[in-house]
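Enquirer: First residue of the sequence shown: 25, per my numbering; consecutive thereafter. The beta carbon of each residue, even a glycine, is placed where N, CA and C say it ideally should be.
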Amino acid sequence: MASCKGKRSLIYVGRIPLQVEIADSPEKRERGLSGRRKIDSGMLFIFEKQDIYPFWMKDTHIPLSIAFIDRDGVIISIQDMAPLYKNRLYIPPKPILYALEVEMGWFEKNDVNVGDSVNIQR
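#1: Under 6 Å Cβ to Cβ from residue 31, same chain only, skipping five residues before and after it: list those, please.
#2: Just how far apart, CA to CA, sit residue 68 and residue 123?
#3: Measuring alpha carbon to alpha carbon, tell me which of 121, 42, 65 ends up nearest residue 75.
#4: With DSSP collapsed to three states, give me the class of residue 50.
#5: Of all the alpha helix (DSSP H) runs that stay within the bounds of the stretch 56-139, which reach a length of 4 or more residues?
#6: Nearest-angstrom Cα distance between residue 61 and residue 82?
#7: In chain order, what residues of the same chain have a beta carbon less than 6 Å from the beta carbon of residue 92, not counting five sequence neighbours either side?
#8: Please state if the CB of residue 42 and the CB of residue 65 are separated by a distance shorter than 7 Å.
Below, the structure is given as structure tokens:
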């Protein structure tokens, strides 16, 4: 499957710069990283309003980690997600406005933790 890479943006996760693809429409958020065999950096999901948004790994071939981010840009949860595991939902513990998916282990490797800030220019 060909990847449909969209617009990109530079964000800062703590002090770490990261180029991300932006998923800011219902269609882009639904497609996410499905069908990909690799990712360049990450994908930032931007929602219209803060709420509880569950994620799943149907048709996603890459092991991922997800950071759930509140409206203030603070990481409230980080979860690892197994590839092609369509029967499990990954749910933030409180309402979020953003979610950041990266390769599994990226947050740990870069010493990014719950409570760290993400600088998102909108």
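Expert: Considering the structure as presented:
#1: Residue 31 sits at position 7 when you count from the first residue of the sequence shown. Same-chain partners within the cutoff: 46.
#2: As a working note, residue 68 is residue 44 in the sequence shown. As a working note, residue 123 is residue 99 in the sequence shown. If you take the alpha carbons of residue 68 and residue 123, they lie about 6 Å apart.
#3: As a first step, residue 75 is located in the sequence shown; it is residue number 51 there, counting from the start. Cα-wise, what sits closest to residue 75 is 121.
#4: Along the sequence shown, one-based indexing puts residue 50 at 26. Of the three classes helix, strand and coil, the one that applies to residue 50 here is helix, per DSSP.
#5: Whole alpha helix (DSSP H) segments, 4+ residues: 130-133.
#6: Along the sequence shown, one-based indexing puts residue 61 at 37. Along the sequence shown, one-based indexing puts residue 82 at 58. Approximately 13 Å between the Cα atoms of the pair.
#7: Locating residue 92 in the sequence shown gives position 68, where the first residue counts as 1. Closer than 6 Å at the Cβ level, and outside the excluded window around residue 92, lie 100, 101, 116, 120, 123.
#8: Within the sequence shown, residue 65 is the residue found at index 41, counting from 1. Within the sequence shown, residue 42 is the residue found at index 18, counting from 1. With contacts defined by Cβ atoms closer than 7 Å, residue 65 and residue 42 form a contacting pair.
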